[in-house]
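Enquirer: Take a look at the following structure, please.
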Amino acid sequence: MNQQADIAEVQDFLYSLITQQADENAMRWLKQQIGKLHGEAASRHLYLAFGTASRFFSKEPLQLSATSQTGADQLRKGFQPAHWQVLQTVRTYLLLHVPSENADQQLVVLNKLFETADMSEQVALYAALPLLPNPEHLTARASEGLRTNMTVVFDAIALHNPYPADYFKEEAWNQMVLKAVFMQRPLYRIYGAEARANEELARILIDFAHERWAAHRQVMPELWRFVAPFIGQSYWKDIQKVLSEGQLLEVEAALLACAQSSYPDAKETLNHHPDIKHRVDTGQLTWQDIGQRDANPML
Amino acid sequence: MKYIDPHIHVTSRTTDDYEAMQQAGIVAIIEPAFWLGQPRTQAGSFQDYFSSLVGFERFRASQFGIRHYCTIGLNSKEANNEALAEQVMDLLPLYLGKEGVVAVGEIGYDDQTAIEDKYFRQQLELAKDVSLPVMIHTPHRDKKRGTTRSMDVCQEHSLEPGMVVIDHNNEETVKEVLDRGFWAAFSIYPHTKMGSERMVEIVRQYGPERIIVDSAADWGISDPLAVPKTAALMIEKGLPEEHAHLTCYQNALTAYGQSGQMQESDWLQNEAIDQRKLFSGNSILRGGQMPKVG
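For the record, the sequence lines run as chains A and B.
Residue 16 in numbering that gives the first Met the number 0 is what sits at position 17 of the first sequence, and the numbering runs on without skipping anything.
Residue 107 in numbering that gives the first Met the number 0 is what sits at position 108 of the second sequence, and the numbering runs on without skipping anything.
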């Protein structure tokens, strides 16, 4: 599934976003750096510019108009810079100047940056994956990144990032979702969850739920989203357990899963809860809603 | 009172230490790149070490409400492996420009060999190029001569004394360091280099200007609370509170703040500790532990 963006267009787009939130001095510096990214010393200049960008640009969130948000999605389906910072946008802009005609050479430069990156540089690098040329060469790097213990780095890959859904094989995708559950990350922020749902992931998550229950611990309500399409005789008793023993949010999640299942018992059970069914049918009860309320019980 | 420990090798310390440091009022620390107790044999080991100083250790410290900075450099002991040293020198520019890198260090002399001298000088030039302060490790053996020589070489390379911190001082070296305008840092080590009692007397004698107290705590017998303990002893022994503030907080901030990479607002505006951010089985919290919030 190739989702390669037009690099020149993305460069222009990012540049216009950066200009809105940077001073003249910083923009002058950026232009100078781009001017140095040619010839023999290009990669050395890039490494330095990539690091020292922090001296010129802030970590403030990008301010995006509605038009820009739509524009981003048109440039690259699933690209959501509304969750980006100015500094990381600058770093991404620099990355898009790495020569990419030869994928191996591009990888040498990128690997050096990944291997020597500090925490916020890692965030920038991983979040940039869906925009980079030769994205199919970066799947191993992305999987490696998910092994981190730094939550912000994990989030840069797993959340609001279309790269995993577009390029991960099933095994890598499943490992990512399981680790996100394990780390209690907000699953509704994972891009492409429905499209990549699979039976093996449902089985892994059911096993995980059993482990948690055995230890008398709760299971995050969002987990049932990934089980929903595969509810059948074998998982039905688990859903029933949540319905009878779970807290309010878990029950609502189990019923939302029922709504997305074609299993007859699930359909019938949902019919016994007309109020919930109504909220599902009218789009009031969604996985995003469940996830947001789980993260912030005050909602 | 707030404290800075401007020299501590926290990669060797436990989470108990981090908790105790935070409770004792330590708000920021500087972790100088040094050796690891045994010599490395591969440049890749240096690369991963440097990356951990700007990556995971910084993250780990933040989980305990402590702001972590570091210095990057080729230490004098390992400089003696020339083939390796060459490769490490190539790595340094990749790290010196990074956020939170407040100095080139710790560099200087160990056995005071010709090879140590060569890489010391190269790194002083590098520090000038990137406008960073320098943290100098003075040798344990033949200390007095090594300290004088370190300063001579800095001045030979036209470094401003105000951009150079001479570390691991004692009663024998402090006067010359202060007279020549350098920062004089003291590592408070139980048993060896410098004890808190002696430190108090030095501050009484020389005053607090340009004196910096640190723990240099590492994998050996050392005390990560040496800075707050020494500050407390100063006040107990009748020194003005301002002396403790300068030597155990402000002077380090002033010296390393010259990097542009360290300012008080970094920790005064720090978000509250939230260990839920990494609530997972393979993070600093193990299964079943309750995350600390607020």
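Just so it is clear, CB atoms sit at the ideal spot from N, CA and C, and this is done for glycine as well.
Since we're looking at a predicted model, the values are computed, not measured.
Would you decide whether GLY43 of chain B is buried or exposed? Buried here means 16 or more other CB atoms lie within 10 Å of its CB.
Expert: Residue numbering aside, residue 43 of chain B sits at position 44 when the second sequence is read from its first letter. By the 10 Å Cβ count, GLY43 of chain B comes out exposed.
Enquirer: Establish whether the CB of ARG203 of chain B and some CB of chain A are separated by less than 9 Å.
Expert: Here residue 203 of chain B corresponds to residue number 204 of the second sequence, with the count starting at 1. Taking Cβ atoms only, chain A never reaches closer than 9 Å to ARG203 of chain B, which makes this a no.
Enquirer: Going by beta-carbon coordinates alone, are LEU204 of chain A and VAL180 of chain A separated by less than 9 Å?
Expert: Start at 1 with the first residue of the first sequence, and residue 204 of chain A comes out as number 205. Start at 1 with the first residue of the first sequence, and residue 180 of chain A comes out as number 181. Closer than 9 Å, so yes.
Enquirer: Quick one: which chain A residues come within Cβ less than 7 Å of PRO92 of chain B?
Expert: Counting from one through the second sequence, the residue named residue 92 of chain B turns up at place 93. Ordered by position in chain A, the residues that pass the 7 Å Cβ test against PRO92 of chain B are LEU47.
Enquirer: Who are the neighbours of GLU98 of chain B on chain A, taking C-beta pairs under 8 Å?
Expert: Within the second sequence, the letter at position 99 stands for residue 98 of chain B. GLY50, SER53, ASP117, SER119, listed in chain order.
Enquirer: I'd like the span of the alpha helix (DSSP H) that includes HIS244 of chain B, first residue to last.
Expert: Sequence index remark: in the second sequence, residue 244 of chain B carries index 245 (1-based). HIS244 of chain B -> alpha helix (DSSP H) spans 240–244.
Enquirer: Per DSSP, HIS67 of chain B forms a beta bridge with which residues?
Expert: Position 68 of the second sequence, counted from the first residue, corresponds to residue 67 of chain B. According to DSSP, HIS67 of chain B bridges with B:ILE28.
Enquirer: Starting from MET88 of chain B, follow the alpha helix (DSSP H) in both directions and report where the run begins and ends.
Expert: Here residue 88 of chain B corresponds to residue number 89 of the second sequence, with the count starting at 1. Where MET88 of chain B is concerned, the enclosing alpha helix (DSSP H) stretches over 81–95.
Enquirer: What residues are listed by DSSP as bridge partners for ALA184 of chain B?
Expert: What you label residue 184 of chain B is simply residue 185 of the second sequence in a count that begins at 1. According to DSSP, ALA184 of chain B bridges with B:ILE211.
Enquirer: Just to check my reading of the structure: GLU56 of chain B and VAL9 of chain B have Cβ atoms closer than 8 Å, yes? What is that Cβ distance to the nearest angstrom?
Expert: Taking the first residue of the second sequence as 1, we reach residue 56 of chain B at position 57. Taking the first residue of the second sequence as 1, we reach residue 9 of chain B at position 10. That pair is a contact at about 6 Å.
Enquirer: Output, in chain order, the set of chain A residues within a Cβ distance shorter than 8 Å of SER50 of chain B.
Expert: As a first step, residue 50 of chain B must be located in the second sequence, where it is residue number 51. Within 8 Å Cβ-Cβ: GLU114, THR115, ALA116, ASP117.
Enquirer: Would GLY286 of chain B pass as an interface residue toward chain A - the criterion being a Cβ-Cβ separation below 9 Å?
Expert: Taking the first residue of the second sequence as 1, we reach residue 286 of chain B at position 287. Its pLDDT being 47, under 50, GLY286 of chain B is placed unreliably in this model, and the value from its coordinates should be taken loosely. Yes, its Cβ sits closer than 9 Å to a Cβ of chain A.
Enquirer: Count the other CB atoms within 10 Å of the CB of GLN37 of chain B; is the residue buried (16 or more) or exposed (fewer)?
Expert: As a first step, residue 37 of chain B must be located in the second sequence, where it is residue number 38. Answer is exposed; the Cβ neighbour count stays below 16.
Enquirer: For VAL101 of chain B versus GLN260 of chain B, is the C-beta distance shorter than 9 Å?
Expert: Taking the second sequence and counting its residues from 1, one reaches residue 101 of chain B at position 102. Taking the second sequence and counting its residues from 1, one reaches residue 260 of chain B at position 261. A contact, by the Cβ cut-off of 9 Å.
Enquirer: Check whether chain A comes within 9 Å of GLN46 of chain B, counting only Cβ atoms and requiring the distance to be less than that.
Expert: Numbered from its first residue, the second sequence carries residue 46 of chain B at position 47. Chain A, which has a Cβ nearer than 9 Å to the Cβ of GLN46 of chain B, makes this yes.
Enquirer: Below 9 Å on C-beta distance, what does GLY259 of chain B contact in chain A?
Expert: Walking along the second sequence from the start, residue 259 of chain B turns up at place 260. Per Cβ cutoff of 9 Å: ARG54.
Enquirer: Hey, how far is the Cα of TRP223 of chain A from the Cα of GLN62 of chain B?
Expert: In the first sequence, the residue the question calls residue 223 of chain A occupies position 224. In the second sequence, the residue the question calls residue 62 of chain B occupies position 63. Roughly 30 Å separates the two Cα atoms.
Enquirer: Is it buried or exposed for THR268 of chain A, if we count other Cβ within 10 angstroms and need 16 for buried?
Expert: By one-based count along the first sequence, residue 268 of chain A stands at place 269. Result: buried.
Enquirer: With which residues is MET134 of chain B paired in a DSSP beta bridge?
Expert: Along the second sequence, one-based indexing puts residue 134 of chain B at 135. In the DSSP output, where bridge partners are listed per residue, MET134 of chain B has B:VAL164.
Enquirer: Determine the extent of the beta strand (DSSP E) in which GLU105 of chain B is found, giving its start and end residues.
Expert: Counting from 1 along the second sequence, the entry for residue 105 of chain B is found at position 106. Residues 100–107.
Enquirer: Please state whether DSSP places ALA139 of chain A in a helix, a strand or coil.
Expert: Locating residue 139 of chain A in the first sequence gives position 140, counting from the first residue. In this structure, ALA139 of chain A counts as helix in the three-state DSSP scheme.
Enquirer: Could you check how far apart the C-beta atoms of ALA25 of chain A and TRP83 of chain A are, in whole angstroms? I think they sit under 8 Å.
Expert: By one-based count along the first sequence, residue 25 of chain A stands at place 26. By one-based count along the first sequence, residue 83 of chain A stands at place 84. Actually they are not in contact, since the Cβ atoms of ALA25 of chain A and TRP83 of chain A sit about 17 Å apart, beyond 8 Å.
Enquirer: In or out: HIS242 of chain B buried (at least 16 other Cβ within 10 Å) or exposed?
Expert: Position 243 of the second sequence holds residue 242 of chain B. By the neighbour-count rule (16 or more Cβ atoms within 10 Å), HIS242 of chain B is buried.
Enquirer: If I'm right that TYR94 of chain B touches VAL53 of chain B with Cβ under 8 Å, what's the distance once you round it to whole angstroms?
Expert: Within the second sequence, numbered from 1, the residue matching residue 94 of chain B stands at position 95. Within the second sequence, numbered from 1, the residue matching residue 53 of chain B stands at position 54. That belief holds up - the Cβ atoms of TYR94 of chain B and VAL53 of chain B are roughly 7 Å apart, short of 8 Å.
Enquirer: Hey, would you say the C-beta of ASN270 of chain A is under 8 Å away from at least one heavy atom of the ligand COA?
Expert: Looking at this structure, you won't find the ligand COA or any other ligand, since it has none at all.
Enquirer: Who does GLN84 of chain A pair with in a DSSP beta bridge?
Expert: Mapped onto the first sequence, residue 84 of chain A falls at position 85. In the DSSP output, where bridge partners are listed per residue, GLN84 of chain A has A:PRO60.
Enquirer: So, using beta-carbon positions, are LEU112 of chain A and PHE49 of chain A closer together than 9 Å?
Expert: As a working mapping, residue 112 of chain A is identified with position 113 in the first sequence. As a working mapping, residue 49 of chain A is identified with position 50 in the first sequence. In contact: LEU112 of chain A and PHE49 of chain A (Cβ atoms closer than 9 Å).
Enquirer: Do the CB positions of PHE185 of chain B and SER149 of chain B come within less than 9 Å of each other?
Expert: Locating residue 185 of chain B in the second sequence gives position 186, counting from the first residue. Locating residue 149 of chain B in the second sequence gives position 150, counting from the first residue. Result no, Cβ atoms of PHE185 of chain B and SER149 of chain B do not sit closer than 9 Å.
Enquirer: Just checking: is the beta-carbon of LYS111 of chain A within a distance shorter than 9 Å of some beta-carbon in chain B?
Expert: As a first step, residue 111 of chain A is located in the first sequence; it is residue number 112 there, counting from the start. Interface residue, yes.
Enquirer: Cutting at 6 Å between CB atoms, please list the residues of its own chain near LEU29 of chain A, excluding the five before and the five after it.
Expert: For the purposes of this step, residue 29 of chain A is taken as residue 30 along the first sequence, with counting starting at 1. Contacts found: none.
Enquirer: Hey, out of B:ASP222, B:PRO239, B:GLN262, whose CA is closest to SER11 of chain B's CA?
Expert: On the second sequence, residue 11 of chain B is found 12 positions in, with the first residue counted as 1. Considering only alpha carbons, the answer is B:ASP222.
Enquirer: Alpha carbon to alpha carbon, how far is LEU284 of chain A from ALA227 of chain A?
Expert: Position 285 of the first sequence holds residue 284 of chain A. Position 228 of the first sequence holds residue 227 of chain A. Straight-line Cα distance between these residues: approximately 15 Å.
Enquirer: Are the beta-carbon atoms of ALA60 of chain B and LEU224 of chain B separated by less than 9 Å?
Expert: On the second sequence, position 61 is the one that residue 60 of chain B refers to. On the second sequence, position 225 is the one that residue 224 of chain B refers to. In this structure, LEU224 of chain B does not lie closer than 9 Å to ALA60 of chain B by Cβ.
Enquirer: Got a sec: is the Cβ-Cβ distance from VAL107 of chain A to anything in chain B below 9 Å?
Expert: Taking the first sequence and counting its residues from 1, one reaches residue 107 of chain A at position 108. Not one chain B Cβ lies under 9 Å of VAL107 of chain A.
Enquirer: Roughly how many angstroms lie between the CA atoms of ALA52 of chain A and LEU177 of chain B, to the nearest whole one?
Expert: Here residue 52 of chain A refers to the residue found at position 53 of the first sequence. Here residue 177 of chain B refers to the residue found at position 178 of the second sequence. Roughly 36 Å separates the two Cα atoms.
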